[in-house]
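What follows is one structure encoded as structure tokens, with my remarks underneath.
In our numbering, the protein residues as written are 6 to 717.
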């Protein structure tokens, strides 16, 4: 009994189940249809990848036991995910041979083999063995067919196979009926195994976090389960250990292998004050880490949750296939009926022969491979991306990324490291330290990368307290120090407000032509000093830009920096540039680019929020893990520009895979449709074609799991 049972019966309970055997889109459609017709059941949400169901149930209208029986009648085994203690219980997938479908395959296979043996020893007994195998294999299908019809799906694959198998018995073709149900059961089993394979890629992430952690308390070290770690707890991470929780290093320096979490292949050196992720591997030094997130909310848990949400959403091509299959199956049933009836009525064809051809066409109408062709590829594509630090939040985003014509990059933190450093201080009045002290005072508390660089350079100086600090986005930060107004401004804003002499402008220009960003410290009397900062391009930025161009995508850099600095960096990277942009200017440019085709916007998810929202695909990068996971349509967890190229390649590979799958599924159907109408093939080749198409589609989709990122 789950936790919801203890709730008041006057309040609807939210139930969550692991649904064993829910491994194809048809299963999902049947379950959702049945729940829509269940009194008191609302907000039903299924997730094919995780095999989970979440539903709100008013138990005064429908008892929970009735809902669970409905699921069992559809051929599934519901297992509650919430226990009496309120804790979530994960269910491991049952081995294939222990599942309902596995037992059915083994039993019908044994009866089929036994009947074949009888046919060689005592032929008169063989039909009884084949009939037993047919009836045994058909019984669960018939139950599912009836339940499906009640749920509003009268033309389900279970209905078609049931009619075909029973029809074969009626016309004395028990052996072919047995082969039909056996091959269908095998195909169903293979489908479940294949979907489980794709599903395992994400589930493996959950096993990256260690079970226990070394907790530091009063200079003593003791082990504690990671689930018991609280925010603020200090943990020790030895060389070779996995980090037990998301946190911040408080002591030590080491190289960390983040590849299990972000896909970053090269270990990264981290020291005091830097963030570490649960599941990362500490390679050399001893670290003390302050826990910043509980286990259920760490980066890995959030990646899994977001990918599960993504896989629950359908891509446009998947919705089209669903609509097509709902028309396709009834149409084939109609053709099968006419194929059986017309020759019999108009040409006097022998009844068993006419029925045999009609039954064969029924089997060809099974849409299993067709409806699986898209979700199998989407699931594999999303899983492959997540394993390489490419978090794509849904099939629609995965479909769109590969078709973009323009990729617009924000400069700071995306094409550049996002860690600028102060390179030059030019005092116009006073000395360098005075200029730096005042600028740091004004910027105190700001999270802007330039502000952090200025405050870092002023570390150790006596920085005065500022009041009334106010940010003017893209222009300046103003504050009051000792009763006097000051500002740290962009050169343009400084020129517009207090004026810049030709000599100062010459100095500015010289710094900007070196690719440096310059800010101006001003007061009401005029400029007091110049501070130049340089943010180095990411190591892989130039190669990534080149790779995007090779894929036929036009990269462009958008920056609030001045034109000279923007051009200097753009020249190094080989990318077009639009400079001196305010947030609204970036939004306007993205909308302008969209008039020529699809646009992806790459930004930090904070300053670029309007442009990210306006683009066809918004990709968050460089804004920290929280932002990367919660904003935009996709996120690059490893902060490599090459990840954008990898996303485009993965999207295109997925869409190619889908086209191949649809071609396999429809092509085999058409071949056997014509051979059946011509009388060349019969029942068991028809079901074998469906099983074969399903196997081809799933095997082809699983190839996406071998996707490799990086330069090609």
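For each residue, glycine too, the CB sits at the ideal point set by N, CA and C.
For residue 9, I'd like the list of residues in its chain whose CB is within less than 6 Å of its CB, leaving aside the five on either flank, ordered along the chain.
The residue given as residue 9 occupies position 4 in the chain shown. Per-residue confidence for residue 9 stands at a pLDDT of 41, beneath the threshold of 50, marking its modelled position as unreliable; the derived number appears in the next sentence. Contacts found: 18, 20.
Does the segment 233 to 252 touch the segment 280 to 287, meaning 3 or more C-beta pairs lie closer than 8 Å?
The answer is yes - the segment 233 to 252 touches the segment 280 to 287, with three or more Cβ pairs under 8 Å.
Counting pairs of Cβ atoms below 8 Å between the segment 583 to 599 and the segment 407 to 416, do you hit three or more?
Yes: at least three Cβ pairs fall under 8 Å.
Of the residues 531, 241, 70, which one's Cα is nearest the Cα of residue 291?
In the chain shown, counting from the first residue as 1, residue 291 sits at position 286. Checking every option, the nearest Cα to that of residue 291 belongs to 241.
CA-CA distance, residue 502 and residue 529?
Within the chain shown, the letter at position 497 stands for residue 502. Within the chain shown, the letter at position 524 stands for residue 529. Near 9 Å, if we compare the C-alpha coordinates of residue 529 and residue 502.
Inspect the beta-carbon positions of residue 578 and residue 546 and report whether they are closer than 7 Å.
Taking the chain shown and counting its residues from 1, one reaches residue 578 at position 573. Taking the chain shown and counting its residues from 1, one reaches residue 546 at position 541. Cβ distance < 7 Å, so residue 578 and residue 546 count as in contact.
Let me confirm a value: residue 557 is counted as buried when at least 16 other C-beta atoms fall within 10 Å, else exposed. Which label applies?
In the chain shown, the residue the question calls residue 557 occupies position 552. Exposed: under 16 other Cβ atoms inside 10 Å.
Looking at residue 565: is its Cβ nearer than 7 Å to the Cβ of residue 479?
Translated into positions along the chain shown, residue 565 becomes position 560. Translated into positions along the chain shown, residue 479 becomes position 474. It is a contact, given that the beta carbons lie within the stated cut-off.
Is residue 245 helix, strand or coil by DSSP?
Counting from 1 along the chain shown, the entry for residue 245 is found at position 240. Looking at residue 245 - three-state DSSP - the assignment turns out to be coil, as it is neither helix nor strand.
Ordered along the chain, which non-local residues of its own chain (more than five positions away) have a Cβ less than 7 Å from that of residue 276?
Here residue 276 is taken as the residue at index 271 of the chain shown, counted from 1. Counting only Cβ-Cβ distances below 7 Å, and skipping sequence neighbours, we find 254, 258.
Going along the chain, which residues of its own chain have a beta-carbon closer than 6 Å to the beta-carbon of residue 192, five neighbours each way excluded?
Locating residue 192 in the chain shown gives position 187, where the first residue counts as 1. So the qualifying residues of the chain are 696, 699.
Pick out whichever of 541, 194, 387, 396 has its Cα sitting closest to the Cα of residue 710.
Within the chain shown, the letter at position 705 stands for residue 710. The option with the nearest alpha carbon to residue 710 is 387.
Is the CB-CB distance between residue 533 and residue 526 below 7 Å?
In the chain shown, counting from the first residue as 1, residue 533 sits at position 528. In the chain shown, counting from the first residue as 1, residue 526 sits at position 521. Closer than 7 Å, so yes.
Among residues of its own chain, excluding the 5 on either side of residue 402, which ones have a beta-carbon nearer than 7 Å to its beta-carbon?
By one-based count along the chain shown, residue 402 stands at place 397. Contacts found: 622, 638, 639.
Taking one C-beta from the segment 143 to 150 and one from the segment 223 to 237 each time, how about it: are there three or more such pairs within less than 8 Å?
No, the segment 143 to 150 does not touch the segment 223 to 237.
Under three-state DSSP, which class holds residue 352?
Counting from one through the chain shown, the residue named residue 352 turns up at place 347. Reduced to three states, the DSSP call for residue 352 is coil.
In its own chain, which residues sit with a C-beta less than 6 Å from the C-beta of residue 646, not counting the 5 before and 5 after it?
Here the question's residue 646 lines up with position 641 in the chain shown. Cβ within range, chain order: 543, 545, 546, 549.
Is residue 303 buried or exposed, if buried means 16 or more other CB atoms sit within 10 Å of its CB?
In the chain shown, the residue the question calls residue 303 occupies position 298. Result: buried.
Looking only at C-alpha atoms, which of 576, 681, 680 sits nearest to residue 562?
Within the chain shown, the letter at position 557 stands for residue 562. Checked all of 576, 681, 680; the closest Cα to residue 562 is 576.
Classify residue 274 as helix, strand or coil using the three-state DSSP reduction.
Counted from its first residue, the chain shown places residue 274 at position 269. Note: residue 274 maps to strand in three-state DSSP.
Please identify the residue among 704, 607, 484 whose C-alpha is closest to the C-alpha of residue 670.
Here residue 670 corresponds to residue number 665 of the chain shown, with the count starting at 1. Answer by Cα proximity: 704.
CA-CA distance, residue 341 and residue 360?
Mapped onto the chain shown, residue 341 falls at position 336. Mapped onto the chain shown, residue 360 falls at position 355. Taking the straight line from one Cα to the other gives about 9 Å.
Please classify residue 216: is it buried, with 16 or more other beta-carbons within 10 angstroms of its beta-carbon, or exposed?
Your numbering for residue 216 matches position 211 in the chain shown. When all chains shown are included, residue 216 counts as exposed.
Short check: CB of residue 62 to CB of residue 46, under 7 Å?
Within the chain shown, residue 62 is the residue found at index 57, counting from 1. Within the chain shown, residue 46 is the residue found at index 41, counting from 1. Yes, the Cβ-Cβ distance between residue 62 and residue 46 is below 7 Å.
Going by C-alpha to C-alpha distance, which of 82, 223, 659, 446 sits closest to residue 472?
For the purposes of this step, residue 472 is taken as the residue at position 467 of the chain shown. Per the Cα distances, 446.
Looking only at C-alpha atoms, which of 26, 375, 349, 348 sits nearest to residue 666?
Position 661 of the chain shown, counting from 1, holds the residue named residue 666. The shortest Cα separation from residue 666 among 26, 375, 349, 348 belongs to 375.
Could you check what DSSP says for residue 289 in three-state terms: helix, strand or coil?
Numbered from its first residue, the chain shown carries residue 289 at position 284. If DSSP states are grouped into helix, strand and coil, residue 289 belongs with coil.
Compute the distance between the beta-carbons of residue 688 and residue 365, then report whether it is under 7 Å.
By 1-based counting over the chain shown, the position of residue 688 is 683. By 1-based counting over the chain shown, the position of residue 365 is 360. Against a cut-off of 7 Å, the Cβ pair of residue 365 and residue 688 comes out as a contact.
Can you tell me whether residue 699 is helix, strand or coil according to DSSP?
Residue numbering aside, residue 699 sits at position 694 when the chain shown is read from its first letter. If DSSP states are grouped into helix, strand and coil, residue 699 belongs with the helices.
With DSSP as the reference, label residue 21 as helix, strand or coil.
Locating residue 21 in the chain shown gives position 16, where the first residue counts as 1. Reduced to three states, the DSSP call for residue 21 is strand.
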